[in-house]
Amino acid sequence: MSISIYRLTVPMFQRGLASLKTYLDKAEAYAKEKNIDPAILVSARLAPDMLPLAGQYQRASDSAKFTLARLTATDAPKFDDNETTIEQLRERLAKTEAYLATFSAQALEGAESRQITLPGKSGIVLPGDEYITTFALPNFYFHVATAHAILRNQGAPIGKRDYLG
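Put into structure tokens, the structure is as follows:
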């Protein structure tokens with residue numbers, strides 16, 4: 001039995017975005033409880049050479065929307081990557097969710113064999129199913145997990161159940 005490309009992408013991305021929304025709710029409540037400026041959490045990083053929390057949200061959003069665009073040979077909406085507040089991150093997630101909702105299972109039929117060139121300068125080309133399983137989903141979940149780690153590192157009360165949804 002095979003799994004459809006739709007089921008392997010859209011619901012998976014929606015689930016990860018739901019976790020990211022939960023993180024924002026908990027981060028906002030934590031900031032209020034501890035009298036912390038929420039901007040500190042939005043700009044927090046695990047290491048100096050890593051993206052801050054806002055960057056993790058931006059990359060997770062981009063991963064989801066660009067994956068579907070590549071698989072359907074369509075253009076994804078472009079966002080400015082200028083979010084600096086929790087509310088702006090919520091808005092970005094909402095726009096990403098709205099975009100994901102435009103895809104049907106039919107729109108992704110045949111995408112498993114579409115040739116996808118990996119982003120960047122690698123020049124690597126993979127069939128759609130390999131692109132999803134070896135690049136798109138791992139990349140997406142890397143950014144979700146890193147957002148989780150940043151907030152935990154800052155003391156926010158999030159845990160494994162929040163990640164799993």
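No gaps in the numbering here: position 7 of the sequence shown is 7 in this note's numbering, and each next residue is one more. For glycine and all other residues, C-beta sits at the position ideal for the given N, C-alpha and C.
For E91 and D62, the rounded distance between their alpha carbons: As a working note, residue 62 is residue 62 in the sequence shown. As a working note, residue 91 is residue 91 in the sequence shown. Between D62 and E91, the C-alpha separation is close to 14 Å.
For Q115, three-class secondary structure by DSSP: Taking the first residue of the sequence shown as 1, we reach residue 115 at position 115. Three-state DSSP puts Q115 in a strand.
First and last residue of the uninterrupted alpha helix (DSSP H) at P38: As a working mapping, residue 38 is identified with position 38 in the sequence shown. First-last of the alpha helix (DSSP H) with P38: P38 to V42.
Which listed residue (L89, E83 and K65) has its alpha carbon closest to that of Y99: Along the sequence shown, one-based indexing puts residue 99 at 99. Among L89, E83 and K65, the Cα nearest to that of Y99 belongs to K65.
Three-pair Cβ contact test at 8 Å for the stretch 25–33 versus the stretch 142–161: yes
Distance CB(A60)-CB(G165) smaller than 8 Å: Counting from one through the sequence shown, the residue named residue 60 turns up at place 60. Counting from one through the sequence shown, the residue named residue 165 turns up at place 165. No.
Classification of Q115 by the beta-carbon crowding that lies within 10 angstroms, buried from 16 upward: Taking the sequence shown and counting its residues from 1, one reaches residue 115 at position 115. With fewer than 16 other Cβ atoms within 10 Å, it is exposed.
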